[in-house]
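Below is one structure, written out as structure tokens; the observations come after it.
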Amino acid sequence: MLLIIPLILLVVLKLAEVSIFASMSWWWIVGLAVFAFLWFEFFERLFGLDKRQDSAHYEKMKQERIKRTFDKKTGRQ
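At position 44 of the sequence shown (counting the first as 1) the number is 49 in our numbering, and the numbers step up by one without a gap.
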């Protein structure tokens with residue numbers, strides 16, 4: 006997400022022809038888009054970042070489920 010927001014911002018500033026961005030080459034924007042694509046498709050999987058985020062989410066859900074079950078058995082609400 007940290008790559009997508011600057012990419013969109015650059016495109017908007019380039020199309021609006023704001024100061025320094027008006028003379029900036031489109032290759033910078035295309036290069037950032039290609040890098041974002043490569044990051045999300047290959048490097049994130051290669052480094053295991055996608056699994057780490059998924060496992061943290063499922064671990065949190067598991068802990069909440071255990072807490073709810075424990076609260077029901079002990080009569081606490």
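Cβ coordinates follow ideal geometry from the N, Cα and C atoms, glycine included. All of these numbers come straight from a predicted model, not from anything done at the bench.
- Does the segment 38-55 come close enough to the segment 8-18 to have 3 or more Cβ pairs within less than 8 Å? A contact is defined here as three or more CB-CB pairs under 8 Å, and the segment 38-55 meets this definition with respect to the segment 8-18.
- Straight-line gap, His62 to Lys78 (C-alpha atoms, nearest Å): C-alpha separation (whole angstroms): 25 Å.
- Item | Cβ pair Phe45, Leu8 closer than 9 Å | With respect to the 9 Å criterion, Phe45 and Leu8 are classified as neighbours on the basis of their beta carbons.
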